[in-house]
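Enquirer: Here it is: the structure, laid out below.
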Amino acid sequence: MKKILIILILSSFSLSLFSQQKKETSFKFLPHWMPQAQFAGFIMAYEKGIYKKHGLDIELLTGGPNRSSLDWLVERKTDFCAAWLSSALQVRDKNVKLVNICQLIQRSALMLVAKKGRGINSIKDLNGKKVALWQQDFRIQAEALFTKYNLKVKVYPLSETQNIFIRDVVDVTSVMWYNEYHLLLNSGYDSTDLQIFSFSDYDLNFPEDGIYVLEDFYNKNKSECKEFSDATLEGWDYAFSHEEETLQYVKKYLTKAKYAANEMHQRWMLRQMKKLLQPDAGVASGELRARDYQNVIKTLKESGYINNDISFKDFFKAEYGTP
Amino acid sequence: MVHLKNSLAVKLVVSILSVSGLIFIFIFGSNFSRSREILLNNAKLNAKHLSSATVNKIEIILTNVEKIPYTLAYHLEHNSLSEKEMLGLLTSVTESSNEITGVTIAYEPGLFAGAKGEFAPYVYKNDGKLKTVYLKSPENVYTKKDWYLIPKELQRAMWSEPYYNVDDNSKILATFSVPFYLHQNGKRVCAGIVSAEIDLHWLEQIVKGVTLYQNGYAFLISHDGTFVTHPTKDFIMNETIFSVAEKDNDPAVRKYGQAALRGKSDFILLKQFLNKKNIWLYYVPLLTNDWSLGVVIPDDELMADLNSLTRYILLYNLVGAILLIIAIVFLANRITRPLKKLATATDQIAAGNFNVAIPEMHSKDEVSHLAASFNFMKISLRQYIDNLMETTAAKQKMESELKIAHEIQMGILPKIFPPFPHRPEFDLYAVIEPAKEVGGDFYDFFLLDDSFLYFTVGDVSGKGVPASLFMAVTKTLIKASTAIDLPLNEIICKVNNDLCRENDSSMFVTIFFGRINIRTGEVDFVNAGHNLPYIISQNGEIKKIEKTGDIAVGIIDNYPYKLARITLAEDDKIFLYTDGITEAQNITDELYSDKRLEVFLKTQQSSSAKELVLNSVKEVKKFSDTAPQSDDITSFTLKWFKPMESK
Numbered sequence: 001m002k003k004i005l006i007i008l009i010l011s012s013f014s015l016s017l018f019s020q021q022k023k024e025t026s027f028k029f030l031p032h033w034m035p036q037a038q039f040a041g042f043i044m045a046y047e048k049g050i051y052k053k054h055g056l057d058i059e060l061l062t063g064g065p066n067r068s069s070l071d072w073l074v075e076r077k078t079d080f081c082a083a084w085l086s087s088a089l090q091v092r093d094k095n096v097k098l099v100n101i102c103q104l105i106q107r108s109a110l111m112l113v114a115k116k117g118r119g120i121n122s123i124k125d126l127n128g129k130k131v132a133l134w135q136q137d138f139r140i141q142a143e144a145l146f147t148k149y150n151l152k153v154k155v156y157p158l159s160e161t162q163n164i165f166i167r168d169v170v171d172v173t174s175v176m177w178y179n180e181y182h183l184l185l186n187s188g189y190d191s192t193d194l195q196i197f198s199f200s201d202y203d204l205n206f207p208e209d210g211i212y213v214l215e216d217f218y219n220k221n222k223s224e225c226k227e228f229s230d231a232t233l234e235g236w237d238y239a240f241s242h243e244e245e246t247l248q249y250v251k252k253y254l255t256k257a258k259y260a261a262n263e264m265h266q267r268w269m270l271r272q273m274k275k276l277l278q279p280d281a282g283v284a285s286g287e288l289r290a291r292d293y294q295n296v297i298k299t300l301k302e303s304g305y306i307n308n309d310i311s312f313k314d315f316f317k318a319e320y321g322t323p
Numbered sequence: 001m002v003h004l005k006n007s008l009a010v011k012l013v014v015s016i017l018s019v020s021g022l023i024f025i026f027i028f029g030s031n032f033s034r035s036r037e038i039l040l041n042n043a044k045l046n047a048k049h050l051s052s053a054t055v056n057k058i059e060i061i062l063t064n065v066e067k068i069p070y071t072l073a074y075h076l077e078h079n080s081l082s083e084k085e086m087l088g089l090l091t092s093v094t095e096s097s098n099e100i101t102g103v104t105i106a107y108e109p110g111l112f113a114g115a116k117g118e119f120a121p122y123v124y125k126n127d128g129k130l131k132t133v134y135l136k137s138p139e140n141v142y143t144k145k146d147w148y149l150i151p152k153e154l155q156r157a158m159w160s161e162p163y164y165n166v167d168d169n170s171k172i173l174a175t176f177s178v179p180f181y182l183h184q185n186g187k188r189v190c191a192g193i194v195s196a197e198i199d200l201h202w203l204e205q206i207v208k209g210v211t212l213y214q215n216g217y218a219f220l221i222s223h224d225g226t227f228v229t230h231p232t233k234d235f236i237m238n239e240t241i242f243s244v245a246e247k248d249n250d251p252a253v254r255k256y257g258q259a260a261l262r263g264k265s266d267f268i269l270l271k272q273f274l275n276k277k278n279i280w281l282y283y284v285p286l287l288t289n290d291w292s293l294g295v296v297i298p299d300d301e302l303m304a305d306l307n308s309l310t311r312y313i314l315l316y317n318l319v320g321a322i323l324l325i326i327a328i329v330f331l332a333n334r335i336t337r338p339l340k341k342l343a344t345a346t347d348q349i350a351a352g353n354f355n356v357a358i359p360e361m362h363s364k365d366e367v368s369h370l371a372a373s374f375n376f377m378k379i380s381l382r383q384y385i386d387n388l389m390e391t392t393a394a395k396q397k398m399e400s401e402l403k404i405a406h407e408i409q410m411g412i413l414p415k416i417f418p419p420f421p422h423r424p425e426f427d428l429y430a431v432i433e434p435a436k437e438v439g440g441d442f443y444d445f446f447l448l449d450d451s452f453l454y455f456t457v458g459d460v461s462g463k464g465v466p467a468s469l470f471m472a473v474t475k476t477l478i479k480a481s482t483a484i485d486l487p488l489n490e491i492i493c494k495v496n497n498d499l500c501r502e503n504d505s506s507m508f509v510t511i512f513f514g515r516i517n518i519r520t521g522e523v524d525f526v527n528a529g530h531n532l533p534y535i536i537s538q539n540g541e542i543k544k545i546e547k548t549g550d551i552a553v554g555i556i557d558n559y560p561y562k563l564a565r566i567t568l569a570e571d572d573k574i575f576l577y578t579d580g581i582t583e584a585q586n587i588t589d590e591l592y593s594d595k596r597l598e599v600f601l602k603t604q605q606s607s608s609a610k611e612l613v614l615n616s617v618k619e620v621k622k623f624s625d626t627a628p629q630s631d632d633i634t635s636f637t638l639k640w641f642k643p644m645e646s647k
């Protein structure tokens, strides 16, 4: 009996050891928007087996306008998510412990675009104009800008289309450089007709897309978090150096999610993403620069979007820069 | 052989073909461009009619749809409707229209009396049944939707951009929205929007119905350039005219798109449209909703008839050009063939064959005239050459006779030197260097006994055969008349009388006739008008033999010639000559002259007779150089050595 017991214990121990060895770490990832070229690095890391290579079994969830990635993270419906820094900080401000493990977009792609034909050539010309802004996090920088330059503007809600701008209800609209700006060009506007106000030029650079996990998850899976961000950055490098192949995969993902896949638009997006991820060094570093971070914190606090100071060290958990 | 490049046929072909080619190109080019213009105009008209018909069809439907929201808005502005009445209206209008899939009356929040906040009943068709929902936040914040916000802000009714049905991705919808107004506190305020939604599936049917030529088609783009219909399904709702332009890197397409969105209409050529063929595009706006209809005609189909006609014209012209070449070559050959024959004949004539026949020409043109002239020239030439040959033969005969005469003349002169080898008392040498023509110089010498040597040099006036005959007669007469006992002057008188007697031609002859006493050196002589001889002493002195004043022989009958005498010293030389020496000319027409002769003779003191004679001739020839010799040159020298016994 004793013998049997020992055998049983031993075998269960070895079984559990065996199953632990065999078990691939399986995680979910949710992007904060539809599967477009904005997330090409994730798609390629998945499709080219880079996550697998890093010992990760990743399930790419399909994002979209109706799925808040941070909500899903908080609700633990996903392990990893992509989100804007400003959005994540607001969640963290409400004492939800989430951390950034990789900052992808270094330069804010959000910008205001105005019709030169309406006499808007400099920031001061915005005064008294009608401006279309998206909701929530998309309007933080614009509002900060208006305060900073003491501009009185009439704000209109911007829907998922730019028709309000195209139909001349407003003179100024918000666009993402990699997305709606190109759509405006492909609605017949020439770049020479448009005056661009890029927030990064007005000391309002908000690094956007980053990878987030919950703090307890991070503490349990530090190496997996590191592998995930490494693999994602590798995926981005692959995407940038294999444009055609990447666009094929992006199209496949968009079609699968029942979105229109305009080839030229996705190409534009991929190319702009390269500039946003690698603004200076030419490589995607994944680093969140402290200066940018403090700038965002300061702006969010001033505008009342957050109330507390959030320590950079607590928030950003990546260990990059070590050889 | 004429080089092909220079041949008349080639020149004619090149010049005629290039001129006619230019004319053809001009006519063909202008015809082509005019035909093209006509074709294009027709195509444009065709496209215009077709597109206005299509636009009309679309706009009739759209206008019909528009009536419903307009009517509803009118009702809302003029009647205060309850919620129930409103739903009744919505249901009946949605039911009544085939095109309309749903109708909404959306109030500004708080402006519908029967509700606190948002109020937006929406009646729509679903599987043939009517359904009613209330649009509400947060699921449907209608006040921020394009169909609501934009017409409200712009304060005008308008069609939305096409969009996909949320529930059914295959359906493309568009909404017509009409704002309606209320008076609140005396102010007119926008109370909401009435909108009607339609399924655009019929649009595709209408636009698909547009066919032109074989592959012509039409497409619709919306107010922001999005393809609403296009034969390429992938374009619909996914590409805009600008993204297509971006993809093909085609600024012309982008330019067209911008013009179309501004409500312009035009007929334009787009090269390699969508990376394929060149097309003609007629585009026209839909005034109802600011969209634009484009009608595409492939250029090759439009121009198919013209291109085929062009091919035929080019083929005909090629055949025509070939015929023209054949005709030109034929004509050129007709001209050049007789010319070639003439040229061959001329070559033969040039080679001296006057028997060659000049080809006969049956035509009456310039070439036959030329041939006749050639024939005449040939006959004239032949006669001339015949005459020339006769004359030349006569001249040759005469020349040969003259040569014989000359040889005879020279033959009668003693030419063996030394003439008397057994007589050491004297040395004698003479030479006549004849001029080209037969002349009248002569010399002679003879011994009549042991003591006396007779010698003479003469020069007949004039030249030619008469002079030579006269000379022969004179020489013969002198020799025949000479006798030992006869004084020399009497001999000359006798000769003079004989010559004068038969001298009808008034010829005369100068003579120096001398006789040396070989033992004593005494020389008797008669000088009948001859050049004065020189005595050259052994010591180098020269002495002219004085004039006797006698005239030439043959002039005056019975003229009394005088006898004169000189005595030679031992080794003296007596030098006789004719005016061929002193009057020899050089190239500058200078005479050799007595003076030069004397200078020469002073150098000849130790010469033998032969040396002196030969040297004198050499000297004169040297002086004359290349100047022609005009007269006979006669040089005669007698050197006397004192005989041994008299020493």
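Taken in order, these protein sequences are the chains called A and B. Numbered as in this note's numbering, the first sequence ends at 323 without a single skipped number. Numbered as in this note's numbering, the second sequence ends at 647 without a single skipped number. Where is the CB? At the ideal position from N, CA and C, for every residue including glycine.
Does the beta-carbon of D632/B have 16 or more other beta-carbons within 10 angstroms, so that it is buried, or is it exposed?
Expert: Its Cβ being crowded by 16 or more others within 10 Å, D632/B is buried.
Enquirer: Is there a C-beta anywhere in chain A that falls below 9 Å from the one on S80/B?
Expert: So no, S80/B is outside the interface.
Enquirer: Flag this pair as touching only if the stretch 244 to 255 of chain A and the stretch 131 to 139 of chain A have three or more C-beta atom pairs under 8 Å; answer yes or no.
Expert: No contact exists between the stretch 244 to 255 of chain A and the stretch 131 to 139 of chain A.
Enquirer: Got a sec: which bits of the stretch 269 to 289 of chain B sit with their beta carbon under 9 Å from any beta carbon on chain A, in order along the chain?
Expert: Against chain A - using a Cβ distance shorter than 9 Å - the stretch 269 to 289 of chain B contributes no residues.
Enquirer: Three or more C-beta pairs closer than 8 Å, one from the stretch 295 to 308 of chain A and one from the stretch 295 to 306 of chain B: is that the case here?
Expert: With the cut-off at 8 Å, the stretch 295 to 308 of chain A and the stretch 295 to 306 of chain B do not touch.
Enquirer: Quick check on I536/B: buried or exposed, where buried means 16 or more other Cβ atoms within 10 Å of its Cβ?
Expert: Flag for I536/B reads buried.
Enquirer: What are the boundary residues of the alpha helix (DSSP H) that includes H183/B?
Expert: Looking at the DSSP string, H183/B is not in any alpha helix (DSSP H); the run it does join, the beta strand (DSSP E), is I172 to Q184.
Enquirer: Can you check whether the C-beta of I105/B is within less than 9 Å of a C-beta belonging to chain A?
Expert: Taking Cβ atoms only, chain A never reaches closer than 9 Å to I105/B, which makes this a no.
Enquirer: For D190/A, decide whether its Cβ has a neighbour in chain E, counting only Cβ atoms nearer than 9 Å.
Expert: Of the protein chains in this structure, namely A and B, none is chain E.
Enquirer: Going by CA-CA distance only, name the one from A528/B, I268/B, N140/B and L200/B that's closest to Y164/B.
Expert: Checking every option, the nearest Cα to that of Y164/B belongs to L200/B.
Enquirer: Are I478/B and V460/B closer than 9 Å when you measure CB to CB?
Expert: It is not a contact, given that the beta carbons lie outside the stated cut-off.
Enquirer: Could you work out which residue in Q409/B, G462/B, T637/B and G514/B is closest to E630/B when comparing CA atoms only?
Expert: Correcting the residue identity first, residue 630/B is Ser in this sequence and not Glu. Looking at the Cα atoms, G462/B is the closest of the given residues.
Enquirer: How many angstroms separate the CA atom of K154/A from the CA atom of I241/B?
Expert: Using only the alpha carbons, I get a separation of about 32 Å.
Enquirer: Per the DSSP calculation, M111/A is bridged to which residue(s)?
Expert: DSSP, once it has assigned bridges, lists V175/A and S198/A as partnering M111/A.
Enquirer: Could you compute how far the alpha carbon of L682/B sits from the alpha carbon of E522/B?
Expert: Within the shown structure, residues of chain B are numbered from 1 to 647, placing residue 682/B beyond reach of any answer.
Enquirer: In three-state DSSP terms, what is M398/B?
Expert: It is helical.
Enquirer: Does I633/B come out as helix, strand or coil in the three-state DSSP assignment?
Expert: Residue state, collapsed to three classes: strand.
Enquirer: Helix, strand or coil, according to DSSP, for S52/B in the structure here?
Expert: If DSSP states are grouped into helix, strand and coil, S52/B belongs with the helices.
Enquirer: Let me check one thing: in DSSP terms, what residues is L269/B bridge-paired to?
Expert: Per DSSP, W280/B.
Enquirer: Tell me, please, whether the CB atom of K22/A is closer than 9 Å to any CB atom in chain B?
Expert: Note that K22/A scores 39 on pLDDT, short of 50, meaning its location in the model is unreliable; the coordinates nonetheless yield the value given after this. For K22/A, the answer is no, since every Cβ of chain B falls outside 9 Å of its Cβ.
Enquirer: Taking 9 Å as the CB-CB limit, is F18/A close to chain B?
Expert: Low per-residue confidence applies at F18/A: pLDDT is 43, beneath 50, and the placement is therefore not dependable, though the value from the model is reported in the following sentence. Judged by the 9 Å Cβ criterion, F18/A is not in contact with chain B.
Enquirer: Starting from the C-beta of G63/A, find all residues in its chain whose C-beta is less than 7 Å away, skip the five residues before and the five after it, and write them out in chain order.
Expert: Taken in chain order, the residues that qualify are L30, P31, H32, W33, M34, P35 and S69.
Enquirer: Name the one or two DSSP bridge partners that S368/B has.
Expert: None, per the DSSP bridge assignment.
Enquirer: Taking the Cβ atom as the reference point for each residue, do Q106/A and D292/A lie within a distance shorter than 9 Å?
Expert: Cβ atoms of Q106/A and D292/A: closer than 9 Å.
Enquirer: Please decide whether S20/B counts as near chain A, where near means a Cβ-Cβ distance under 9 Å.
Expert: No, S20/B does not count as interfacial toward chain A.
Enquirer: At a Cβ threshold of 9 Å, is K116/B touching chain A?
Expert: Judged by the 9 Å Cβ criterion, K116/B is not in contact with chain A.
Enquirer: Can you say whether G102/B is buried or exposed, counting buried as having 16 or more other CB atoms within 10 angstroms of its CB?
Expert: G102/B is buried by the Cβ-count criterion.
Enquirer: Could you give the distance in angstroms between the alpha-carbon of K313/A and the alpha-carbon of N100/A?
Expert: Those two C-alpha atoms are separated by around 10 Å.
Enquirer: To be precise: take each residue of the stretch 255 to 267 of chain B, compare its Cβ to all Cβ atoms of chain A, and keep it if any distance is under 8 Å. Which residues remain?
Expert: For the stretch 255 to 267 of chain B, which is checked against every Cβ of chain A, the residues closer than 8 Å are G257, Q258 and L261.
Enquirer: Does chain B have any CB closer than 9 Å to the CB of S78/A?
Expert: The sequence given here has Thr at residue 78/A, not Ser. It does not; no Cβ of chain B falls within 9 Å.
Enquirer: If you follow the alpha helix (DSSP H) that V356/B is part of, which residue opens it and which one closes it?
Expert: Looking at the DSSP string, V356/B is not in any alpha helix (DSSP H), and its letter there is neither H nor E.
Enquirer: Comparing alpha-carbon positions, which option in K53/A, K97/A, D237/A and K256/A lies nearest E224/A?
Expert: The residue with the shortest Cα to Cα distance from E224/A is K53/A.
Enquirer: Using the beta-carbon of each residue, which ones in chain A are nearer than 8 Å to I16/B?
Expert: Near I16/B there are no residues of chain A at all, since even the closest Cβ is about 57 Å away, more than 8 Å.
Enquirer: Take Q21/A and list the residues in its own chain whose beta-carbon comes closer than 7 Å to its own, dropping the five residues that flank it on each side.
Expert: The predicted position of Q21/A is uncertain, since its pLDDT is 42 and thus under 50; a value taken from the coordinates is nonetheless stated next. Here the set comprises nothing.
Enquirer: For G286/A versus L233/A, is the C-beta spacing smaller than 9 Å?
Expert: For G286/A and L233/A, yes; Cβs fall inside 9 Å.
Enquirer: Could you list the residues in the stretch 163 to 177 of chain A with a C-beta less than 8 Å from some C-beta on chain B, going in chain order?
Expert: Answer in chain order: N163, I164, I166, R167, D168 and V169.
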